[in-house]
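Colleague:
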Amino acid sequence: MDTRSRATSPNSMETHFVDIHEVLREEEEEGGEGITRVEDKAKKGLNKPIRVRDTKRTHKNFSRQVSLETGFSVFSRESKAKDERRVLPRSGRSFGGFDSAIRLGGEARKGDNFSIFKTKSTLSKQNSLMPARKEKETESHQRIDGSTGRLDDESVPAGRYFAALRGPELDQIKDTEDILLPKDEKWPFLLRFPINCFGICLGISSQAILWRALSTSPATNFLHITPFLNVALWLLALAVQVSVSVTYILKCIFYFEAVKREYFHPVRVNFFFAPWVVCMFLAISAPPILAPPGSLLHPAIWCVFMGPYFFLELKIYGQWLSGGKRRLCKVVNPSTHLSVVGNFVGAILASKVGWQEVAKFLWAIGFAHYLVVFVTLYQRLPTSEALPKELHPVYSMFIAAPSAASIAWETIYHEFDGLSRTCFFIALFLYISLVVRIKFFTGFRFSVAWWSYTFPMTTASVASIKYAEHVPCTLSKGLALSLSLMSSTMVAVLLVSTLLHAFVWQTLFPNDLAIAITLRKLVKEKKPFKRAYDIRRWTKQALTKNNTVNNNFNGENEMEH
Numbered sequence: 001m002d003t004r005s006r007a008t009s010p011n012s013m014e015t016h017f018v019d020i021h022e023v024l025r026e027e028e029e030e031g032g033e034g035i036t037r038v039e040d041k042a043k044k045g046l047n048k049p050i051r052v053r054d055t056k057r058t059h060k061n062f063s064r065q066v067s068l069e070t071g072f073s074v075f076s077r078e079s080k081a082k083d084e085r086r087v088l089p090r091s092g093r094s095f096g097g098f099d100s101a102i103r104l105g106g107e108a109r110k111g112d113n114f115s116i117f118k119t120k121s122t123l124s125k126q127n128s129l130m131p132a133r134k135e136k137e138t139e140s141h142q143r144i145d146g147s148t149g150r151l152d153d154e155s156v157p158a159g160r161y162f163a164a165l166r167g168p169e170l171d172q173i174k175d176t177e178d179i180l181l182p183k184d185e186k187w188p189f190l191l192r193f194p195i196n197c198f199g200i201c202l203g204i205s206s207q208a209i210l211w212r213a214l215s216t217s218p219a220t221n222f223l224h225i226t227p228f229l230n231v232a233l234w235l236l237a238l239a240v241q242v243s244v245s246v247t248y249i250l251k252c253i254f255y256f257e258a259v260k261r262e263y264f265h266p267v268r269v270n271f272f273f274a275p276w277v278v279c280m281f282l283a284i285s286a287p288p289i290l291a292p293p294g295s296l297l298h299p300a301i302w303c304v305f306m307g308p309y310f311f312l313e314l315k316i317y318g319q320w321l322s323g324g325k326r327r328l329c330k331v332v333n334p335s336t337h338l339s340v341v342g343n344f345v346g347a348i349l350a351s352k353v354g355w356q357e358v359a360k361f362l363w364a365i366g367f368a369h370y371l372v373v374f375v376t377l378y379q380r381l382p383t384s385e386a387l388p389k390e391l392h393p394v395y396s397m398f399i400a401a402p403s404a405a406s407i408a409w410e411t412i413y414h415e416f417d418g419l420s421r422t423c424f425f426i427a428l429f430l431y432i433s434l435v436v437r438i439k440f441f442t443g444f445r446f447s448v449a450w451w452s453y454t455f456p457m458t459t460a461s462v463a464s465i466k467y468a469e470h471v472p473c474t475l476s477k478g479l480a481l482s483l484s485l486m487s488s489t490m491v492a493v494l495l496v497s498t499l500l501h502a503f504v505w506q507t508l509f510p511n512d513l514a515i516a517i518t519l520r521k522l523v524k525e526k527k528p529f530k531r532a533y534d535i536r537r538w539t540k541q542a543l544t545k546n547n548t549v550n551n552n553f554n555g556e557n558e559m560e561h
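Under full-length UniProt numbering, think of the first position of the sequence shown as 1, with each following residue one higher.
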């Protein structure tokens, strides 16, 4: 490097310019050691040149221009790696630190692919993936930061899920996106076990409520349905709930980072309400042997099951109300009804424990937020993220909330009055509007999330039974039987499909790509050379004027000496 420094007199200290330019390799070889003259003008007139010997440093292709007057500097670094930049393949191996990009001792450590989603893995991952050499560490961190492959405390924005995923359930990765985990390998079972599995519990437990109503309702006495069907379904629902809960608790223990990704998912966050809704379903549908008709349940049951649901909805509803990146118009989707239905189910349970005022309070909260969610989904505001145009079983969620509201109102006030019938008729219309478009529901890949779409049909069936009790006629009873038959048939079909996918085809739990998206979209690196060159050229033009003024000033100083 050749450095020239000129200092103006203290009386006219207006411009100070330092020009550091590149020294060619030939000059380095000939000169050996650079000698810089520093002229220091003090008030005492000391003009002795000082020679400073600089040690020889490794040459780097580097240029810098600095103007201390303007405080503006431009760096331009050229590298041969510019030709090596390319789009990462869709294998999940392209991110440094997750497979072959960062290796410890020359070979990748087994299991590092999935360790990033393990509980408290952020610190241990950074330590285990630290390269032996410092240069590799710097390079790897730059690569991870640039591709956002590192898991940190920053949550994934809701809009990122809509941008990176596709499908009504937002569970399929787009072709232009890469993922953090290897796509061509089978992931650990807990990583492939989604929160949507609680939909199975929703479907079976709601059937227990349906068959309890069929066996005890005066409107269906002519069917002579045995209560043992309710007992069998209740025990099956309890067993499935315990199995799914234990499995997901293990996932929370070992792969908490993956659970956090599911919580920030705009669709799956609603399924965190499902476990508590299932528990309330089991309490409501308890067999007559355990809960005789007319008897009150213990209030502790409501506190244990509704308490976590209430605190969770305070968090979610607060995000809707306060705005931000997770405001309602940004994250709303048909699965959002799950976060509303629980209020009506909690109102029913509160009525069964004798807390009528609490039941009315929950009903009011649920109905207010249902109207907001319904209108937002119906309008599809331009500010909301793109919803899928094709129909899907997820749209059956539209009939869940009004049906549950109708049942809850009848349970609280013990009459199927105008408001209860209004909610039931809204649900009935939405039900019919989906049934007449049944052909649009074909051609979709089966998933466990479909189970959660059976309980809206079951809820509508229970509401029709309540309607037939208060409006006894052939039409109302025929409607109740038809809806109940359709609901039970759908659950039976899904049960058989689930068993086939789980034990025969072994495709029930594919790799959960939705949790492995990157924090930001990975795009080609833009070439900064042209922009840097333009800035450097502009800086040279601007500094040329400063050089002219500085030279004139130095010439005047030389004439004075």
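Backbone N, C-alpha and C fix where the C-beta goes; we use that ideal spot for every residue, glycine too.
Count the other CB atoms, across all protein chains shown, that sit within 10 Å of the CB of K466; report buried if there are 16 or more and exposed otherwise.
Modeller: That one is buried.
Colleague: Only counting the same chain, and skipping five residues up and downstream in sequence, which positions put a Cβ closer than 8 Å to that of F254?
Modeller: Taken in chain order, the residues that qualify are K118, T119, L190.
Colleague: Return the chain-ordered list of same chain residues with a C-beta closer than 7 Å to the C-beta of V462, the five sequence neighbours on each side being excluded.
Modeller: The answer, listed in chain order, is I209, L210, A213, I407.
Colleague: Closest to M486 by C-alpha separation, out of V471, L282, V435, would be which residue?
Modeller: The shortest Cα separation from M486 among V471, L282, V435 belongs to V435.
Colleague: Grouping DSSP H, G and I as helix and E and B as strand, with all else coil, what is L165?
Modeller: L165: strand per DSSP, three-state reduction.
Colleague: Suppose you measure from the CA of E177 to the CA of R192; what does that come to, to the nearest Å?
Modeller: When rounded, the distance between both Cα atoms is 19 Å.
Colleague: Hey, how far is the Cα of E313 from the Cα of P266?
Modeller: So the alpha carbons of these two residues sit roughly 14 Å apart.
Colleague: Between which two residues does the alpha helix (DSSP H) harbouring V340 extend?
Modeller: Element bounds for V340: 338-352.
Colleague: Quick one: give me the first and last residue of the alpha helix (DSSP H) that G366 is part of.
Modeller: Here the alpha helix (DSSP H) through G366 covers 356-379.
Colleague: Taking the Cβ atom as the reference point for each residue, do F272 and S205 lie within a distance shorter than 8 Å?
Modeller: The answer is no: Cβ separation not under 8 Å.
Colleague: Could you have a look at Q319 and say whether DSSP puts it in helix, strand or coil?
Modeller: Looking at Q319 - three-state DSSP - the assignment turns out to be helix.
Colleague: Helix, strand or coil: how does DSSP classify I517 here?
Modeller: If DSSP states are grouped into helix, strand and coil, I517 belongs with the strands.
Colleague: Is the stretch 343-354 in contact with the stretch 403-423, if contact means three or more CB pairs nearer than 8 Å?
Modeller: Output reads yes: the stretch 403-423 touches the stretch 343-354.
Colleague: What's the call for D171, buried or exposed, on a 16-neighbour Cβ count within 10 Å?
Modeller: When all chains shown are included, D171 counts as buried.
Colleague: Look up I412 in the DSSP assignment and say whether it is helix, strand or coil.
Modeller: Here I412 sits in helix by DSSP.
Colleague: What does the alpha-carbon distance come out to for the pair Q241 and Q207?
Modeller: Approximately 14 Å between the Cα atoms of the pair.
Colleague: Of all the options W409, T422, F424, P456, which has the alpha carbon lying nearest to the alpha carbon of Y395?
Modeller: Closest option to Y395, Cα to Cα, is P456.
Colleague: Counting Cβ pairs closer than 8 Å, one from the stretch 290-309 and one from the stretch 332-347, do we hit at least three?
Modeller: Yes, the stretch 290-309 is in contact with the stretch 332-347.
Colleague: State whether the stretch 218-232 contacts the stretch 284-296, with contact taken as three or more CB pairs (one from each stretch) at a distance under 8 Å.
Modeller: Touching, yes.
Colleague: Can you check which of these residues, L513, V471, Y263, is closest to P182 by C-alpha distance?
Modeller: Nearest option by C-alpha distance: L513.
Colleague: Straight-line CA distance for Y370 to A460?
Modeller: Approximately 16 Å, taken between the alpha carbons.
Colleague: Which ranges would you report for the alpha helix (DSSP H) in the stretch 253-279 if only whole runs of at least 4 residues count?
Modeller: Here the runs fully enclosed are 256-264.
Colleague: From V493, L479, A258, pick the residue whose C-alpha is nearest to that of T454; which is it?
Modeller: Of the candidates V493, L479, A258, the one whose C-alpha sits nearest the C-alpha of T454 is V493.
Colleague: With DSSP run on the structure shown, which of helix, strand or coil describes I195?
Modeller: Reduced to three states, the DSSP call for I195 is helix.
Colleague: Tell me the DSSP secondary structure of Q172 in three-state form.
Modeller: In the structure shown, Q172 sits in a strand (DSSP, three-state: E or B).
Colleague: What number of angstroms, rounded off, separates the C-alpha of D417 from the C-alpha of F424?
Modeller: For D417 and F424, the distance between alpha carbons rounds to 11 Å.
Colleague: With a 10 Å radius around its C-beta and 16 neighbouring C-beta atoms as the bar for buried, classify A359 as buried or exposed.
Modeller: Buried.
Colleague: Going along the chain, which residues of its own chain have a beta-carbon closer than 7 Å to the beta-carbon of Y317, five neighbours each way excluded?
Modeller: Answer for Y317: H369, listed in chain order.
Colleague: Just the C-alpha distance for L165 and S464, rounded to the nearest angstrom, thanks.
Modeller: Rounded to whole angstroms, L165 to S464 spans 38 Å at the Cα level.
Colleague: Mapping the DSSP letters down to three states, classify I407 as helix, strand or coil.
Modeller: Reduced to three states, the DSSP call for I407 is helix.
Colleague: What is the C-beta distance between V244 and C201, in whole angstroms, given that I count them as a contact (C-beta under 8 Å)?
Modeller: At roughly 6 Å, the Cβ-Cβ gap stays under 8 Å, so V244 and C201 are in contact.
Colleague: Distance check for Y378 and R160, CA to CA, integer angstroms please.
Modeller: R160 and Y378: Cα-Cα distance of roughly 23 Å.
Colleague: Between the Cα of L231 and those of P292, A502, A516, L519, spot the shortest distance and give me the residue it belongs to.
Modeller: It should be noted that the sequence gives Val, not Leu, for residue 231. It is P292.
Colleague: Which residues does DSSP list as the beta-bridge partners of I179?
Modeller: Its beta-bridge partners are I517.
Colleague: Thinking just about the alpha-carbon of each residue, which of L223, I173, N196, K352 is nearest to the one in C300?
Modeller: What sits at residue 300 in the sequence shown is Ala, not Cys. Closest by alpha carbon: K352.
Colleague: From S447 to T216, what distance separates their C-alpha atoms?
Modeller: In a straight line, the C-alpha of S447 is about 34 Å away from that of T216.
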